[in-house]
Every structure is written in structure tokens, then in C-alpha cells.
Amino acid sequence: MHVTVKLFASFRAGRFDVETADYPDGTTVSDVADRLKLPQNELGIMMINNRHVKLDRMLADGDTVALFPLLGGG
Amino acid sequence: MDKIARIDMGAAGGPKVTVGDLGAYAGLGGRAMTSIVISTEVHPLAHALGAENKLVIAPGMLSGTTGSMTGRLSVGCKSPLTGTIKESNAGGQAAQVLARLGYAAVILEGKPEGDDLYKIYISKDGIQVIVDNSLKLLNNYPVIEKLRGEYGDKVAYMSIGSAGERKLLAASIACTDPELRPTRHCGRGGVGAVMGAKRVKAIILDDAGMKMRPPKDPDKYRDANRAFVEGLRKHPVTGQGLPAYGTNVLTNVLNEAGGYPALNFKSGQFEGVAKICGEAQAELEIKRGGSATHGCHRGCVIQCSGIYNDKDGKYVSKQPEYETVWSHGGHCGIDDLDVIARLDYMDDNIGVDTIEMGVTIGVAMDAGLAAFGDAEAAIRLVEEVGNGTPLGRVLGCGAEITGKVFGVERVPVVKGQALSAYDPRAVQGMGVTYATGTMGADHTSGYAVATNILKIGGDIDPLKTEGQVELSRNLQIATAALDSTGMCLFVAMALMDQPETFQAMFDMLGSFHGTSMTGEDFVALGKKVLSAERDFNTRAGFTKAHDRLPRFFYTEQLAPHNIAFMVKDEELDEVFNW
Numbered sequence: 069m070h071v072t073v074k075l076f077a078s079f080r081a082g083r084f085d086v087e088t089a090d091y092p093d094g095t096t097v098s099d100v101a102d103r104l105k106l107p108q109n110e111l112g113i114m115m116i117n118n119r120h121v122k123l124d125r126m127l128a129d130g131d132t133v134a135l136f137p138l139l140g141g142g
Numbered sequence: 212m213d214k215i216a217r218i219d220m221g222a223a224g225g226p227k228v229t230v231g232d233l234g235a236y237a238g239l240g241g242r243a244m245t246s247i248v249i250s251t252e253v254h255p256l257a258h259a260l261g262a263e264n265k266l267v268i269a270p271g272m273l274s275g276t277t278g279s280m281t282g283r284l285s286v287g288c289k290s291p292l293t294g295t296i297k298e299s300n301a302g303g304q305a306a307q308v309l310a311r312l313g314y315a316a317v318i319l320e321g322k323p324e325g326d327d328l329y330k331i332y333i334s335k336d337g338i339q340v341i342v343d344n345s346l347k348l349l350n351n352y353p354v355i356e357k358l359r360g361e362y363g364d365k366v367a368y369m370s371i372g373s374a375g376e377r378k379l380l381a382a383s384i385a386c387t388d389p390e391l392r393p394t395r396h397c398g399r400g401g402v403g404a405v406m407g408a409k410r411v412k413a414i415i416l417d418d419a420g421m422k423m424r425p426p427k428d429p430d431k432y433r434d435a436n437r438a439f440v441e442g443l444r445k446h447p448v449t450g451q452g453l454p455a456y457g458t459n460v461l462t463n464v465l466n467e468a469g470g471y472p473a474l475n476f477k478s479g480q481f482e483g484v485a486k487i488c489g490e491a492q493a494e495l496e497i498k499r500g501g502s503a504t505h506g507c508h509r510g511c512v513i514q515c516s517g518i519y520n521d522k523d524g525k526y527v528s529k530q531p532e533y534e535t536v537w538s539h540g541g542h543c544g545i546d547d548l549d550v551i552a553r554l555d556y557m558d559d560n561i562g563v564d565t566i567e568m569g570v571t572i573g574v575a576m577d578a579g580l581a582a583f584g585d586a587e588a589a590i591r592l593v594e595e596v597g598n599g600t601p602l603g604r605v606l607g608c609g610a611e612i613t614g615k616v617f618g619v620e621r622v623p624v625v626k627g628q629a630l631s632a633y634d635p636r637a638v639q640g641m642g643v644t645y646a647t648g649t650m651g652a653d654h655t656s657g658y659a660v661a662t663n664i665l666k667i668g669g670d671i672d673p674l675k676t677e678g679q680v681e682l683s684r685n686l687q688i689a690t691a692a693l694d695s696t697g698m699c700l701f702v703a704m705a706l707m708d709q710p711e712t713f714q715a716m717f718d719m720l721g722s723f724h725g726t727s728m729t730g731e732d733f734v735a736l737g738k739k740v741l742s743a744e745r746d747f748n749t750r751a752g753f754t755k756a757h758d759r760l761p762r763f764f765y766t767e768q769l770a771p772h773n774i775a776f777m778v779k780d781e782e783l784d785e786v787f788n789w
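So the protein sequences, as listed, match chains A and B.
Residue numbering for the first sequence follows this note's numbering, starting at 69 and increasing by one per position.
Residue numbering for the second sequence follows this note's numbering, starting at 212 and increasing by one per position.
Structure below.
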């Protein structure tokens, strides 16, 4: 299935800003992080299609995943 | 900090300075000092620009010490923008210097007759109030340049630009940063107009010959500060994200969450974010020889600020904050960082709140004064404010006035003050704070974004109403206390996740004053401050009907979540029921 992954802040270093790639059925947010070598303890904000999700959330074809480290400001 | 200076600008024969002890205000600092003085001493029905109003300038409880992050200065008054009580705080050097000079508060009272303009020089030798009409209608950068020629570079400056002198309701008070740029503003609520009404153009704070304020228990204070700094350095927000990208790192987060208010709150996403986000901004700043990492005051370990240069490496402005990039950017449909930085400089120079000014330009665009995305028109409209034209005066009085003058229905304000960069429909907890806050719409007074969107200090669904009232209540209480300490609010990002860092801050407060500070004491302080503010507002005529969002947030659905603001009125009425 096709999944678009967006990375932000320090996660972009050595990776990409946005990439659409094939992922096997049953892939979770956690699997995406592993494939991109993003340490799970650094994951702060995770969204699929603009909604917050947890690590064990399963992806569907056409999903957009957004991964951020823990961030703040304002 | 064992004295209060009162400067009666309207005294017969010229301004009169009286320095006295703290009396009933002993132990207060920052927002606790400003709000309790205003609530106690100012008639709630006073005209905000009249002689009855007072402008209270107060360093935080720990300002002027060796403690990190303690450089916030609170300024309080009755707000000419909202009609409520107002506390607006800023970084920069002023709080540290004023605290070391020994003043827990400097209170400007009365109002002079005639049109002489004054500057106030505060040093170890006392306070001088001096007529200086050469400063008339100068903006902040030239004012500071002129004053530096006279008072040098080892002082801190506070000043108002032309907007403050003209008593525009969005007028700010500028505080200089360590490099003496007038970039850190008490922005919100028109505090600059109150200073202008009292005909005070600038305050020069000179702490030559003064020392750091000594803690009652120096060893414990040093150890607590060390633990506090360690906690800030190890938390990913205060130790990595804010130093590297600044506050504008939030642009992508809010846009992804569908809570980035675009084109005057018509959508929760803006197509131009990639060009104006914190990641792009930091890269550009570094490439052009500016900086993405800079402290607004000495003693800051977070360093969330930066320096924005043009393509030739020449200084344009300090790094525009997230709220500014949003208000002049996505809110107005502008996706050009160079334009946004120029507007940031113009706002700082003229002396207006970047949030109120940007939101106002967006409202003006909705009125048809310019097209969304028209950068040149945005610059021209802000120039009108600086020139004091009739149109500029309307715009400089903020979004509500501008909306009324031009017949705009969608005006994002509560109690007359503009909302900021979080749409309350996609961040319902933020909507509770906007609606019920004592200052008018003010994201900093109870930053529910942390728990709704950033997942700091817990996890509450931003698109649901459950838990939002309790969250906003607790945040408003904690913030009122934190704003009294002199600590930068950003320490809360670490405090909310790390109890040991919270404890270190309590230990700093306790060991400095030779007492103990517990979580219960901290909550009690926050409630005391909020109660004083609510009491003032009630006496000024504010009721629960004012604790509401504009109707369009209830009736118009926001994309992409297609959601309205859903927290019920009776739930909002429970925020202060503790």
C-alpha cells in the first residue's frame, strides 16, 4: 500500500521532508519509525491524516503519517 | 526588592517621585504584584487612558538573581483595548536590572497637563523624571539609538514608539535585549497607550554599582538552580526544539493538526506553510549569517530567539515568533518570510503588538481593504499605522475596532483582544482559555495546546470537549503563579513532564526567600492572582456573557476536521469554580 510520510524538525536531518513509499499491509506507526531509524523514545507527536494517533495504530492505503519529535513554543 | 516607587506624572509643579516600603504588597512579584496593585488601587470604571489608571512595572519574584530564566518583566494596568485588568510580560534585560536596583514595582500614576514628553532615569542614586521633547514621535529603534548616545550600553531601556504616544490600543512597551535592540515587547492589551497617556516615552534602568540579589540560603539556591537548569537542558522541548528552531517550529505542528487559522480563521490549514515554517526559517537565518539560537535576556538557557538577516546579511529583525509568523503570514495569506520579518521589524519599531496588528490586517483584508496574500498592501497598511493617518489609527486600535469600522462579521476577538495562532475549533482546550481568560483572548494565560496538540503534560483529544475545562482551569492557575516568579513561561514545557524540575523551581523560590514553597503554595498563589483579576473585571462590568467566543466559532465548521467549538456555556462558567 502507498503511504506518505512527513517528517519535521530534527527528524528531517539525513532523511527527507516528505516521501511516498510502499509499505506492507499491517504496517503500524511503530514500524514506520523503525524503518526510518527514528528512536521511539524521541517520537513526540504522531498523526495520521491530521489526527493524533499512538504507536500501535495500523496504517491504511493512502494514509499520510506525520512524525514530530516532542516540540513546544508559542 | 524592598521598595516601591510611585511616580505621580500629574503632580502640581511637575512629576513627583515617592519611594516607600512594600507594605501589604511584600513578597509579591511579577503578575501577582501588578494585578493585586491594580485590583486594589485602580477604580474599575476608570478610563484606561485617564489619570485614574496606573501603570505598574514589576520584575518577577526571582528576577535580578543568579537564577536562570528569571528575566520576565510584568507590566499591568486597566487595559484600554479590553477594559479588563491587564498584565503583559516580556523578556529582555529590564526585569533583571530593575530588580537589582531594588524596586519590586515602579508605578506610574496620574497624567500631566500639556504636551511635554518625559523620560525616567532610574539608578542607584534614585529616580529622575526629565522632560525630553526631542524624542517626540520617534519610533523604538531611533529612540534607543538616541538614548544610547546619552546613557550608553550598560543599561536596559524600556520605550514606546509612535503608536504609544498616539495612544493606539494595540500599542506595546518595548524592552531591549542584551544587544540593546528594542525587540522584546509587553505587547498585549495596549499597555503602551497607557504609558503614552502618562507622557512617558522611555525608562532607562541603570544598575551600575548594584549586585545580584542575594538568596537567603545561597547553597540551596545554587543547587536548586543547577537541578533546574539540568532539567531544562534534558527536556527535548527546552533543550533541543526551542533552541534549534524557535517558537515557529509550531507552524507545521498546528497545520498538520488542522488547527492553524488561515485567511482570517476560514480554514485550519494554510498551503504556504512550507515556506514560512520554523524549519525553513532556521535554515535561512543560519545561511544568511544571522542566528537561529539567541537568548532574549542574560541567564536564559533555552535561547528560543534568533536573528533574521536579509539576503545580503544585513539585520532585518529578531527572529519573528510563531505568533507573528502566523498573524502576518498564514492569517493574511502571506507566505514570504522576508515580508513577515519586515513587518515584525515595523511592529517593533512603531511599537504595536504583533498579534493584534497581524490579526487586524487579516480582518482588514476580509473587509476588502486588500487582497489576502498581498504582501505590499500589508506593508502599506502597517505604514499607515506608523504615519498616524486616520486609517492607521483605526488599524492601530486593533481587530475589534477595525472590524466594526469596516463592517466585518468574522472578527476573532474575545473581550476586544485578538485570538492567536490556534483555532479554538481544532484545539477546543485553547478555546476555553480564550473565552474565559481574565485578559481577553490570550493563549499564554492557559496554554492548553501543550496537552491537546503537543502531548506535553498529558494527552487530551483536541477535537473533544472532555477534560478541557479542568485543563484550562489548572493551566490558568499555574500560569498566574508562574507569571509572578519572573520565570519564562517556556520552562513549563519541561515542568509539566518532569516533577523533579518543578520541585527544583519550588526549591529556588523557597531557598531564595528563606521559606519553603510547595505545590499547594504555588496553586494558592495562582488562585490569589486570578481571583484579584476576576474581581476587578466583575467590578468593571464583565459577566459570564463576556466569557464566550465570537459566534462564528459556534456556527461555522472548520476544515479539515469540519468541526465547530463545542464546549457548552455552562461548562465555561465552571472554569473559575474551584
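Note that beta-carbon positions come from the ideal geometry of N, C-alpha and C, so glycine has one too.
Reference residue i, options the options, closest by Cα
i	options	result
residue 687 of chain B	B/741, B/582, B/530 and B/696	B/741
residue 528 of chain B	B/352, B/726, B/485 and B/643	B/352
residue 504 of chain B	B/476, B/681 and B/455	B/455
residue 619 of chain B	B/578, B/657, B/598 and B/625	B/578
residue 258 of chain B	B/778, B/251 and B/321	B/321
residue 761 of chain B	B/626, B/781, B/639 and B/290	B/626
residue 336 of chain B	B/405, B/724, B/317 and B/312	B/312
residue 596 of chain B	B/660, B/750, B/624 and B/561	B/561
residue 253 of chain B	B/241, B/266 and B/243	B/266
residue 559 of chain B	B/403, B/291, B/755 and B/711	B/403
residue 721 of chain B	B/218, B/222 and B/238	B/238
residue 301 of chain B	B/394, B/373 and B/291	B/394
residue 223 of chain B	B/324, B/242 and B/240	B/324
residue 497 of chain B	B/714, B/480 and B/457	B/457
residue 268 of chain B	B/307, B/235 and B/292	B/307
CB contact below 8 Å: residue i versus chain B
i	result
residue 140 of chain A	yes
residue 112 of chain A	yes
residue 84 of chain A	no
residue 115 of chain A	yes
residue 144 of chain A	The displayed coordinates of chain A run from 69 to 142. Any statement about residue 144 of chain A would go beyond what the structure contains.
Amino acids of chain A, ordered along the chain, whose beta-carbon sits closer than 7 Å to that of residue i
i	result
residue 505 of chain B	None at all; the shortest Cβ gap to chain A is about 14 Å.
residue 556 of chain B	Residues of chain A passing the Cβ test: none, with the nearest at roughly 21 Å.
residue 458 of chain B	141 and 142
residue 468 of chain B	115 and 118
residue 658 of chain B	142
Contact with chain A by residue i, beta-carbon distance below 8 Å
i	result
residue 566 of chain B	no
residue 667 of chain B	yes
residue 495 of chain B	no
residue 464 of chain B	yes
residue 772 of chain B	yes
residue 704 of chain B	yes
residue 533 of chain B	yes
Within chain A, the residues that residue i reaches when beta carbons sit closer than 9 Å
i	result
residue 654 of chain B	142
residue 661 of chain B	140 and 142
residue 280 of chain B	Within chain A, no residue comes near residue 280 of chain B; the closest Cβ sits about 15 Å away, beyond 9 Å.
residue 490 of chain B	76, 77, 80 and 85
Residues of the region 127–138 of chain A whose Cβ lies closer than 7 Å to any Cβ of chain B, in chain order: 134, 136, 137 and 138
At a Cβ cut of 9 Å, what residues of the region 92–107 of chain A count as close to chain B, listed as they run along the chain? none
Please determine if the region 541–554 of chain B and the region 571–584 of chain B are in contact, where contact requires at least 3 C-beta pairs separated by less than 8 Å. yes
Chain-ordered residues of the region 432–460 of chain B with a beta carbon less than 9 Å from chain A: 446, 447, 448, 449, 451, 452, 453, 455, 456, 457, 458, 459 and 460
Counting Cβ pairs, one atom from each stretch, are 3 or more of them under 8 Å apart for the region 130–140 of chain A and the region 452–468 of chain B? yes
Would the region 243–251 of chain B count as touching the region 555–570 of chain B if we require 3 or more Cβ pairs under 8 Å? no
Please list, in chain order, the residues of the region 506–520 of chain B that have any C-beta partner in chain A closer than 8 Å. 515
Cβ contact check for the region 270–283 of chain B and the region 418–428 of chain B: 3 or more pairs under 8 Å: yes
Under 8 Å, with one C-beta from each stretch per pair, do the region 656–673 of chain B and the region 630–645 of chain B reach the 3-pair mark? yes
Any contact between the region 516–531 of chain B and the region 544–558 of chain B? By contact I mean 3 or more CB pairs, one from each, below 8 Å. yes
Can you find at least 3 beta carbon pairs, one from the region 473–483 of chain B and one from the region 766–777 of chain B, that sit closer than 8 Å? yes
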